[in-house]
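**Q**
Number of protein chains: 2
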Amino acid sequence: MSKVYVAVIGAGGVGKSFISQLNAYALRSKKYTISTILISRSSKALLSKDYSGLNLTTWESDISSSSGVKPPSFPDETLKFLTSAPGPMILVDNTSSETIAEEYPRFLSSGVHLVTPNKKGFSSSLALFKAIYAASEAQNGGYVFHEATVGAGLPVLSTLKDLIDTGDEIVKIEGVFSGTMSYLFNSFAPLSPSGAEKSFSACVAEARELGYTEPDPRDDLNGLDVARKLTILARLSGLLVTEPTSFPIQSLIPKPLESAASAEEFLAGLAGFDGEMHKVKTTAESEGAVVRYVGSLDVGKGEVSVGLRNFDRGSTVAGLKGSDNIISFYTRRYGERAMIVQGAGAGADVTAMGVLSDLIKVLERLK
Amino acid sequence: MSKVYVAVIGAGGVGKSFISQLNAYALRSKKYTISTILISRSSKALLSKDYSGLNLTTWESDISSSSGVKPPSFPDETLKFLTSAPGPMILVDNTSSETIAEEYPRFLSSGVHLVTPNKKGFSSSLALFKAIYAASEAQNGGYVFHEATVGAGLPVLSTLKDLIDTGDEIVKIEGVFSGTMSYLFNSFAPLSPSGAEKSFSACVAEARELGYTEPDPRDDLNGLDVARKLTILARLSGLLVTEPTSFPIQSLIPKPLESAASAEEFLAGLAGFDGEMHKVKTTAESEGAVVRYVGSLDVGKGEVSVGLRNFDRGSTVAGLKGSDNIISFYTRRYGERAMIVQGAGAGADVTAMGVLSDLIKVLERLK
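These protein sequence lines map, in sequence, to chains A and B.
According to this note's numbering, the stretch in the first sequence is residues 1 to 367, in order.
According to this note's numbering, the stretch in the second sequence is residues 368 to 734, in order.
(1) Which residue's Cα is closest to the Cα of B:Y701: A:A344, A:M339, A:E336, A:Y330?
(2) For the stretch 409-423 of chain B and the stretch 431-440 of chain B, state whether three or more C-beta atom pairs, one from each stretch, are separated by less than 8 Å.
(3) Rounding to the nearest angstrom, what Cα-Cα distance links B:L481 and A:V115 in this structure?
(4) Reducing DSSP to helix, strand and coil, say where A:I360 ends up.
(5) When burial is assigned at 16 or more other CB atoms within 10 Å of the CB, is B:A501 buried or exposed?
(6) Using a C-beta to C-beta distance shorter than 7 Å, which residues of chain A count as neighbours of B:L723?
(7) Ordered along the chain, which non-local residues of its own chain (more than five positions away) have a Cβ less than 7 Å from that of B:R585?
(8) By the criterion of Cβ-Cβ separation under 8 Å, what are the contact partners of A:D349 in chain B?
(9) Excluding the 5 residues preceding and the 5 following B:F678 in the sequence, name in chain order all residues of the same chain whose CB lies nearer than 7 Å to its CB.
(10) Can you name, in chain order, every residue of its own chain whose Cβ lies under 8 Å from the Cβ of B:S724, other than the five neighbours on each side?
(11) Only counting the same chain, and skipping five residues up and downstream in sequence, which positions put a Cβ closer than 6 Å to that of B:Q388?
(12) Between B:F448 and B:R473, what straight-line distance do the alpha-carbon atoms span, to the nearest angstrom?
(13) Let me know if A:G12 comes out buried or exposed under the rule of 16 or more other beta-carbons within 10 Å of its beta-carbon.
(14) Quick check on B:E731 - is its C-beta less than 7 Å from some C-beta in chain A?
(15) Which same chain residues, not among the five before or five after B:L607, have their C-beta less than 7 Å away from its C-beta?
(16) Tell me which same chain residues have a C-beta within less than 7 Å of the C-beta of B:E465, skipping the five on either side of it?
(17) Based on the DSSP secondary-structure assignment, which residues constitute the bridge partners of A:V176?
(18) Per the DSSP calculation, A:A289 is bridged to which residue(s)?
(19) Counting only Cβ-Cβ distances shorter than 9 Å, please list the residues of the stretch 450-462 of chain B near chain A, keeping chain order.
(20) Under DSSP, the alpha helix (DSSP H) around B:S384 begins and ends at which residues?
(21) From A:A24 to B:G534, what distance separates their C-alpha atoms?
(22) Which of the residues in the stretch 684-696 of chain B, read from start to end, lie with their CB under 7 Å from any CB of chain A?
(23) Measuring straight from C-alpha to C-alpha, what distance separates A:S110 and A:T83?
(24) To which residues does DSSP link A:A344 through a beta bridge?
(25) Bridge partners of B:A412, per DSSP?
(26) Pick out the complete alpha helix (DSSP H) segments inside the stretch 427-512 of chain B, 4 residues or longer, and give them in chain order.
(27) Against chain B, which members of the stretch 139-169 of chain A pass a CB distance test of less than 8 Å?
(28) With DSSP run on the structure shown, which of helix, strand or coil describes B:T598?
(29) Report the residue from A:A263, A:A26, A:K31 whose alpha carbon sits nearest the alpha carbon of A:V204.
(30) So which of A:L160, A:P256, A:P244, A:A202 has the shortest CA-CA distance to A:D274?
(31) By Cβ distance, which residues of its chain are closer than 7 Å to B:E536, with the 5 residues on each side in sequence left out?
(32) Which bits of chain A does B:V381 rub up against, with CB to CB less than 8 Å?
(33) Out of curiosity, what's the CA-to-CA distance linking A:G175 and A:I327?
(34) Report buried or exposed for B:P455, applying the criterion of at least 16 other Cβ atoms within 10 angstroms of its Cβ.
(35) What is the C-beta distance between A:K321 and A:N186, in whole angstroms, given that I count them as a contact (C-beta under 8 Å)?
(36) If contacts are defined as beta-carbon pairs under 8 Å, then A:Y104 and A:R365 qualify, I think. What distance do you get, rounded to the angstrom?
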C-alpha cells in the first residue's frame, strides 16, 4: 500500500460531498492508504500535525468543536505544512477563490499535486494559466487536473485531452455549459410548451427559489461563468485567450439593473424587461426554433462567443432537459457530426465526483 | 526522455491508421522515445532485432520487401522477443483474433502492457476475462486498456471506470452500440422519411456496398458484435455474464437463411422476409415511434438484452444520424436523466485514436 497525503481547502457543498466520497474511496482502496492532513474552511480548520490523518467520518462535528483551529496562513504556513508531509501530497482546492488559485504555481513547483473544480486559475489571466502549466511540467512539478471546472463530472476535459494527445484537430466546440442557463431556458422557452407561459423574470425568480442560481442571479445572467468555461476550453485547444472577457459575452442583465442594490431589487426591476425577452422567444418560435444560451469556440477562426442563439426544434441542443449540459466536439477525425457529451453539469455530488476522479488519476500516475 | 518499446500485431485498416498516428505521436512527444520493435501481419512481419526501432514511415513498403520476414511464432517466440526488450514494453493487438486474446494473461504476467481494440479477450469466456484482470493486477503485472472495444474512440470505458472508481452505482446502460446497425436503421426507418421508402433487404445491400457491414452482413445482423460489447460493459459494471451468448440476443437473420452458402445467396433470400421487417417498422410508426437495434444492461435486475426496440420520435436515440453510436449511463448520482456519450463508433481513424489514447495512458502510468 502506497501512502498518500491529501489536504482539502474549502468544505462547502462540493467540499462536503468530496470528503464523503474520499472517505468511502479510502476505505475500499486496496492500493493506497490515504491520509487527510488538512480540512480548511474560511475561519476554522482541522490539522493532523503528525500526518497520521483526520477522521473523515466525524470531521464536521470535529471542526466545530475545540479540535477546530485557526487555519494555517495561506500560502506560507500551508505550503510549509504540505511540503513537509512524508510522502506524495495532493492539494484539493474546493473553493472558488482567486487568491488561492494565484498560488497554484508555487505549490506545483514544490511538487504538490493539485486537483480542483475552481475555475479561477485556468480562466483568469493568461499569465497565470501558463505559469500553472509551466510549474506542473517542470522537473519534479506536481500534476494538475481540473475536470470539474467544465461540466462538473462529465468527461469534457479528459475527452479534449485524448483528442489532442492523439493528434486530432479541434475544429469547433459548442454547447450549453451552464446548468443554471439550461434550466432557465428549458423552462422559459420549452420545446413542448405546457400552455401556461411564464415570463422571463418569473422563470429567473423560480430558478432562484429552487437553488438553481447563485444567491444573486446576476452572477449567472452576466454570462461570465460560461465565458470562464469557454476560456478554459479555448486555451486547452491552443487558442490563447488573454482574459475571460476578451471576447463577446452577451449579458442578460439589462443595463439599468446592473447597479441594482440587491438581488430583490434586481428581480423586481427585471419584470420591466420581460417584453424584450418575450420578443426574442417568439422570434425564435416563428422560425421553428427555440432560444438557448450557449458558448461557442471556433479554433480555426480564432473566435469565442457566449450568448443567445436559436436552435432548430429537432436539434440535440433544443432537446436538452432540466439543468443538463451538452458539449459538442467537432474535430477533423470525427468530421461533420460531433462527438457529444451530455448530462448533469452541476450539483455537489457530480462535481465532487469529477474532483475525486482527478485525484485517482494523480494516484495512478504517482511514481 | 523515457524509452518505451511497442509491438504491433495486426496491420489492417485499424492497424495502419494506428501506426500512422503512433508515428506522428512519437515525433512530437517530448517525454517519451518510442521504439517500435515489431509490426506483424498474418504472413509477414518486420522485426527490430536490436530493439533500435522500425521506420514507421516506410513500414508498408518494407514489410512487402525483403525486409519482411516470417512472423515470430505466437506466443512463444513473440513473448520471448518482447520480454527481452531493455525497457517497458507495450503490446498493441489490432487483430480480432481469439487465439491471440487467449494469451493476454501470459503477456501481462510477464510485465508486458496491453492495449487493444480486440473484443475477444473481454467478451468470450468469463474465465479468460478474469484471468486477464488477475494477471494485470498481480504484482508486476502489465497494464491493460481496451477503450476501443466499445464505441471505438468514444470515452465509454474510461467514463464507466471514473463512475465506478468514485463510488457511483451503475443502474442501467443502454444505447446503440453498432455503427452498422445505426446506419441500417437510420436509413430503413428514418426519423424524417424522404418518401422513397426502401425495403430492409435493399438497405442491407446498400450498407454492404458502402462498406458499413462485414463482407458477409450476417456477421452484423446476428447481433453478436453488440452482444460482445454489452458483455464487456456488464462485466466491468460487476455483472459477471458467463458468455456473450448467455442472454437474449435478437438475430435479424431469418432462420432459413442462417445456412445460406454465401453472402449473395443470403441477400437474395432476405428480400423474401421484407414483409416482416416492414410490419415491425409500421407498427412502430403507428405508435409515433421508430424502431432501432439496441443493447441494454440493467445492473440491478441482472439483465442484459440485445435486439429491436421502439423509441419515441422525440427521443435522443431516435434522433441519431449516420452510423453514430449513443451510450446512455443511468447511475445513482446522475439520477433520472442519463449521462450520454454520442458520436461515430466505428471507422479506422477513430478506433485507432482509442487505441493510441490507451497507449498514452500506459505511458503516463509507467514508473
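Ideal Cβ positions, reconstructed from N, Cα and C, are used throughout, including at glycine.
If you're wondering where the values come from, they're calculated on a predicted model, not measured in any experiment.
**A** Here's the rundown:
(1) Residue numbering aside, residue 701 of chain B sits at position 334 when the second sequence is read from its first letter. With distances taken between Cα atoms, B:Y701 lies closest to A:A344.
(2) yes
(3) To locate residue 481 of chain B, count along the second sequence from 1; it is residue 114. To locate residue 115 of chain A, count along the first sequence from 1; it is residue 115. Rounded to the nearest angstrom, the two C-alpha atoms are 28 Å apart.
(4) The count along the first sequence starts at 1 and reaches residue 360 of chain A at position 360. A:I360 falls in the helix class under three-state DSSP.
(5) Working through the second sequence from its first residue, we reach residue 501 of chain B at position 134. By the neighbour-count rule (16 or more Cβ atoms within 10 Å), B:A501 is not buried but exposed.
(6) One-based indexing of the second sequence puts residue 723 of chain B at position 356. Ordered by position in chain A, the residues that pass the 7 Å Cβ test against B:L723 are T166.
(7) Position 218 of the second sequence, counting from 1, holds the residue named residue 585 of chain B. Answer for B:R585: I620, F633, listed in chain order.
(8) As a first step, residue 349 of chain A must be located in the first sequence, where it is residue number 349. Under the 8 Å cutoff, chain B gives R700.
(9) Residue 678 of chain B sits at position 311 when you count from the first residue of the second sequence. The answer, listed in chain order, is A656, V657, R659, V684, A685.
(10) In the second sequence, residue 724 of chain B corresponds to position 357, counting from 1. E514, G520, listed in sequence order.
(11) As a working note, residue 388 of chain B is residue 21 in the second sequence. If we look at B:Q388 and ignore the five residues flanking it on each side, its Cβ neighbours are A719, L723.
(12) Counting from one through the second sequence, the residue named residue 448 of chain B turns up at place 81. Counting from one through the second sequence, the residue named residue 473 of chain B turns up at place 106. Computed Cα separation, rounded: 14 Å.
(13) The residue given as residue 12 of chain A occupies position 12 in the first sequence. Exposed: under 16 other Cβ atoms inside 10 Å.
(14) Taking the second sequence and counting its residues from 1, the one referred to as residue 731 of chain B is at position 364. Yes, B:E731 lies at the interface with chain A (some Cβ there is under 7 Å from its Cβ).
(15) Within the second sequence, residue 607 of chain B is the residue found at index 240, counting from 1. Around B:L607: L493.
(16) One-based indexing of the second sequence puts residue 465 of chain B at position 98. Cβ neighbours of B:E465 beyond the five flanking positions: K487, S491.
(17) Numbered from 1 along the first sequence, position 176 holds the residue referred to as residue 176 of chain A. In DSSP, A:V176 forms a bridge with A:I326.
(18) Position 289 of the first sequence, counting from 1, holds the residue named residue 289 of chain A. Bridge partners of A:A289: A:D312.
(19) none
(20) Within the second sequence, residue 384 of chain B is the residue found at index 17, counting from 1. From DSSP, the alpha helix (DSSP H) with B:S384 extends over 380-395.
(21) Taking the first residue of the first sequence as 1, we reach residue 24 of chain A at position 24. Taking the first residue of the second sequence as 1, we reach residue 534 of chain B at position 167. Taking the straight line joining both Cα atoms gives about 7 Å.
(22) G686, K688, G689, D691
(23) Against the first sequence, residue 110 of chain A aligns to sequence position 110. Against the first sequence, residue 83 of chain A aligns to sequence position 83. Distance between the alpha carbons of A:S110 and A:T83: 7 Å.
(24) Numbered from 1 along the first sequence, position 344 holds the residue referred to as residue 344 of chain A. For A:A344, which the question treats as bridged, DSSP gives the partners A:D324.
(25) As a working mapping, residue 412 of chain B is identified with position 45 in the second sequence. In DSSP, B:A412 forms a bridge with B:S407, B:V436.
(26) 443-450, 465-468, 471-476, 487-490, 493-504
(27) G153, L154, P155, S158, T159, D162, L163, D165, T166, G167, D168
(28) For the purposes of this step, residue 598 of chain B is taken as the residue at position 231 of the second sequence. If DSSP states are grouped into helix, strand and coil, B:T598 belongs with the helices.
(29) By one-based count along the first sequence, residue 204 of chain A stands at place 204. That would be A:A263, whose Cα lies nearest to the Cα of A:V204.
(30) Translated into the one-based positions of the first sequence, residue 274 of chain A becomes position 274. The option with the nearest alpha carbon to A:D274 is A:A202.
(31) Locating residue 536 of chain B in the second sequence gives position 169, where the first residue counts as 1. Counting only Cβ-Cβ distances below 7 Å, and skipping sequence neighbours, we find T698, R699.
(32) Within the second sequence, numbered from 1, the residue matching residue 381 of chain B stands at position 14. Here the premise fails: no neighbours, minimum Cβ distance about 13 Å.
(33) Within the first sequence, residue 175 of chain A is the residue found at index 175, counting from 1. Within the first sequence, residue 327 of chain A is the residue found at index 327, counting from 1. Approximately 5 Å between the Cα atoms of the pair.
(34) Numbered from its first residue, the second sequence carries residue 455 of chain B at position 88. B:P455 should be labelled buried.
(35) The sequence position of residue 321 of chain A within the first sequence is 321, counting from 1. The sequence position of residue 186 of chain A within the first sequence is 186, counting from 1. Yes, they are in contact, since the Cβ atoms of A:K321 and A:N186 sit about 6 Å apart, within 8 Å.
(36) Within the first sequence, numbered from 1, the residue matching residue 104 of chain A stands at position 104. Within the first sequence, numbered from 1, the residue matching residue 365 of chain A stands at position 365. The Cβ separation is near 18 Å, so there is no contact.
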